[in-house]
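Student: Line by line, the protein sequences give chains B and F. In this text, residue positions in the first sequence follow the working numbering: the first is 35, and each later residue adds one. In this text, residue positions in the second sequence follow the working numbering: the first is 35, and each later residue adds one.
Number of protein chains: 2
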Amino acid sequence: MKSTIKHDCRDELHNAKLRVTPARLGVLAMLEHADMPVDVSMITDYLKKQKIPVNEVTVFRILNTFTDKGITKPIQLNEGKLRYEYANKAKHHHFICEKCKTITDVEGCTVEALERQIEKTSGGKVTRHSLEFFGLCRRCVS
Amino acid sequence: MKSTIKHDCRDELHNAKLRVTPARLGVLAMLEHADMPVDVSMITDYLKKQKIPVNEVTVFRILNTFTDKGITKPIQLNEGKLRYEYANKAKHHHFICEKCKTITDVEGCTVEALERQIEKTSGGKVTRHSLEFFGLCRRCVS
DNA sequence: TTGACAAATGCAAGTAACTTGCATATACTT
DNA sequence: AAGTATATGCAAGTTACTTGCATTTGTCAA
Numbered sequence: 035m036k037s038t039i040k041h042d043c044r045d046e047l048h049n050a051k052l053r054v055t056p057a058r059l060g061v062l063a064m065l066e067h068a069d070m071p072v073d074v075s076m077i078t079d080y081l082k083k084q085k086i087p088v089n090e091v092t093v094f095r096i097l098n099t100f101t102d103k104g105i106t107k108p109i110q111l112n113e114g115k116l117r118y119e120y121a122n123k124a125k126h127h128h129f130i131c132e133k134c135k136t137i138t139d140v141e142g143c144t145v146e147a148l149e150r151q152i153e154k155t156s157g158g159k160v161t162r163h164s165l166e167f168f169g170l171c172r173r174c175v176s
Numbered sequence: 035m036k037s038t039i040k041h042d043c044r045d046e047l048h049n050a051k052l053r054v055t056p057a058r059l060g061v062l063a064m065l066e067h068a069d070m071p072v073d074v075s076m077i078t079d080y081l082k083k084q085k086i087p088v089n090e091v092t093v094f095r096i097l098n099t100f101t102d103k104g105i106t107k108p109i110q111l112n113e114g115k116l117r118y119e120y121a122n123k124a125k126h127h128h129f130i131c132e133k134c135k136t137i138t139d140v141e142g143c144t145v146e147a148l149e150r151q152i153e154k155t156s157g158g159k160v161t162r163h164s165l166e167f168f169g170l171c172r173r174c175v176s
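The following block contains the structure:
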């Protein structure tokens with residue numbers, strides 16, 4: 035009996051016309067398991083613990099492929115490296131604690147009005163924005 | 035008779051307790067001259083044209099020093115490298131054309147309300163945010 | 001079930017942005 | 001004008017990421 039989660043992951047790969055490999059299933063499992071955007075070394079470490087040793091190069095390639103297929107989304111948090119999360123998550127932004135580096139999702143975005151205003155002012159078209167908040171989380175603020 | 039601009043730059047360096055060198059004056063001139071955030075290679079190229087040949091390493095160091103002293107501010111536009119602009123510019127965000135890469139300033143920010151909301155929800159403290167808009171500028175949109 | 005072939009992976013090497021160590025050169029102080 | 005701290009250049013190192021190429025492995029058709 036296959037686990038439900040694994041089956042979902044297989045479907046996800048089939049839908050994207052990608053072959054089902056241990057490395058890809060492992061990356062998908064990691065993304066489900068994680069509660070914040072993850073970077074390549076976090077994924078590699080996780081896979082090693084799961085006894086699915088995968089070369090870092092392969093993880094980079096898997097994430098690029100997933101992103102091309104719209105499965106994952108790169109997140110740039112000004113760390114000098116990219117993180118990734120599922121692309122189909124509800125639209126949200128991130129709040130990064132500058133002390134403990136915890137990343138929490140921020141729901142609700144009030145930026146659309148500003149986008150319309152930019153379009154009026156500039157005569158162009160705004161297709162997306164990136165917005166991140168930095169500060170101290172509850173545990174670090176005191 | 036020294037030019038006014040150059041004299042301003044000298045003052046800026048003196049105020050920051052930094053020595054006045056051709057390389058630093060050149061970087062400051064470039065920042066004044068540019069109408070969008072600039073990266074290290076743009077600065078290096080500009081200095082070469084001005085017959086102030088400066089090693090890239092030195093430009094990196096100058097920008098780090100300026101940023102430490104609060105003269106410049108690093109701008110991350112998800113390009114895999116940093117740009118810099120004067121830190122004392124009025125608070126603003128950027129609108130990047132994904133086709134021609136032109137960067138224009140966006141005045142007016144409606145994000146403060148969202149920051150207060152995050153603080154209430156999370157119990158933490160938001161100290162800054164980064165917000166960039168991507169799309170097509172007027173000339174590229176048609 | 002098998003065998004062929006495209007696709008995925010590993011390894012080594014390459015790249016780009018940025019940093020660091022150290023020797024030399026230069027700006028500022030007196 | 002000289003002494004000294006600071007700035008710079010050069011070479012090498014680092015980190016995140018990419019690429020080329022040989023090998024392995026999924027998948028699909030027979």
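Ideal Cβ positions, reconstructed from N, Cα and C, are used throughout, including at glycine. Values in this document were obtained by computation on a predicted structure and should not be read as measured data.
Hey, residue 237 of chain F and residue 56 of chain F: beta-carbon distance below 9 Å or not?
Tutor: Because chain F here runs from 35 to 176, residue 237 of chain F falls outside it and cannot be looked at.
Student: State yes or no: is the C-beta of residue 47 of chain B nearer than 8 Å to some heavy atom of the ligand ATP?
Tutor: Although the ligand ATP was asked about, the structure shown includes no ligands whatsoever.
Student: From the DSSP output, which residues share a beta bridge with residue 77 of chain F?
Tutor: On the second sequence, position 43 is the one that residue 77 of chain F refers to. Note: residue 77 of chain F sits in no beta bridge, so no partner.
Student: Just by C-beta distance, which residues in the stretch 50-66 of chain F are closer than 7 Å to chain B?
Tutor: none
Student: Does DSSP put residue 142 of chain F in a helix, a strand or coil?
Tutor: Working through the second sequence from its first residue, we reach residue 142 of chain F at position 108. In this structure, residue 142 of chain F counts as coil in the three-state DSSP scheme.
Student: Along the stretch 125-138 of chain B, where does the CB come closer than 9 Å to a CB of chain F? Name the residues.
Tutor: Within the stretch 125-138 of chain B, the residues whose Cβ lies closer than 9 Å to some Cβ of chain F are 127, 129, 131, 132, 138, listed in chain order.
Student: If contacts are defined as beta-carbon pairs under 8 Å, then residue 166 of chain B and residue 111 of chain B qualify, I think. What distance do you get, rounded to the angstrom?
Tutor: As a working mapping, residue 166 of chain B is identified with position 132 in the first sequence. As a working mapping, residue 111 of chain B is identified with position 77 in the first sequence. Between residue 111 of chain B and residue 166 of chain B the Cβ distance is about 6 Å, and since that is below 8 Å, they are a contact.
Student: Taking C-beta pairs closer than 9 Å, name the residues in chain B that residue 148 of chain F reaches, listed in chain order.
Tutor: For the purposes of this step, residue 148 of chain F is taken as the residue at position 114 of the second sequence. Correct list: 127, 140, 142, 143, 144, 145, 165, 167.
Student: In or out: residue 78 of chain B buried (at least 16 other Cβ within 10 Å) or exposed?
Tutor: For the purposes of this step, residue 78 of chain B is taken as residue 44 along the first sequence, with counting starting at 1. By the 10 Å Cβ count, residue 78 of chain B comes out buried.
Student: So, is the C-beta of residue 120 of chain F closer than 9 Å to a C-beta in chain B?
Tutor: Translated into the one-based positions of the second sequence, residue 120 of chain F becomes position 86. Not an interface residue.
Student: Check whether chain B comes within 9 Å of residue 47 of chain F, counting only Cβ atoms and requiring the distance to be less than that.
Tutor: Here residue 47 of chain F is taken as the residue at index 13 of the second sequence, counted from 1. So, not an interface residue.
Student: If we define contact as Cβ-Cβ less than 9 Å, is residue 156 of chain B a contact residue for chain F?
Tutor: Looking up residue 156 of chain B in the first sequence gives position 122. Yes, because at least one Cβ of chain F sits closer than 9 Å to the Cβ of residue 156 of chain B.
Student: For residue 159 of chain B, name the three-state secondary structure that DSSP assigns.
Tutor: Within the first sequence, the letter at position 125 stands for residue 159 of chain B. In this structure, residue 159 of chain B counts as strand in the three-state DSSP scheme.
Student: Taking the alpha carbon of residue 124 of chain F as the point to measure from, which residue in F/47, F/139, F/74, F/130 has its own alpha carbon closest?
Tutor: As a working note, residue 124 of chain F is residue 90 in the second sequence. Cα-wise, what sits closest to residue 124 of chain F is F/139.
Student: What residues from chain B crowd round residue 162 of chain F, counting only those whose CB sits closer than 8 Å?
Tutor: Position 128 of the second sequence, counted from the first residue, corresponds to residue 162 of chain F. Neighbours of residue 162 of chain F on chain B, chain order: 167, 168, 169.
Student: At the level of alpha carbons, what is the spacing between residue 148 of chain F and residue 163 of chain F?
Tutor: Taking the first residue of the second sequence as 1, we reach residue 148 of chain F at position 114. Taking the first residue of the second sequence as 1, we reach residue 163 of chain F at position 129. One C-alpha to the other measures close to 11 Å.
Student: Count the other CB atoms, across all protein chains shown, that sit within 10 Å of the CB of residue 144 of chain B; report buried if there are 16 or more and exposed otherwise.
Tutor: Along the first sequence, read from residue 1 onward, the residue named residue 144 of chain B stands at position 110. Around the beta-carbon of residue 144 of chain B, fewer than 16 other beta-carbon atoms lie within 10 Å, marking it exposed.
Student: In the structure shown, what three-state DSSP assignment does residue 107 of chain F receive?
Tutor: Start at 1 with the first residue of the second sequence, and residue 107 of chain F comes out as number 73. Three-state DSSP puts residue 107 of chain F in a strand.
Student: Give the single residue among F/153, F/160, F/169, F/156 whose Cα lies nearest to the Cα of residue 160 of chain B.
Tutor: The residue labelled residue 160 of chain B in the question sits at position 126 within the first sequence. Of the listed residues, the one whose Cα sits closest to residue 160 of chain B is F/169.
Student: How many Å lie between residue 68 of chain F and residue 146 of chain F at the Cα?
Tutor: Locating residue 68 of chain F in the second sequence gives position 34, counting from the first residue. Locating residue 146 of chain F in the second sequence gives position 112, counting from the first residue. Near 29 Å, if we compare the C-alpha coordinates of residue 146 of chain F and residue 68 of chain F.
Student: Using the beta-carbon count (16 or more within 10 Å), is residue 58 of chain F buried or exposed?
Tutor: As a working note, residue 58 of chain F is residue 24 in the second sequence. Label assigned to residue 58 of chain F: buried.
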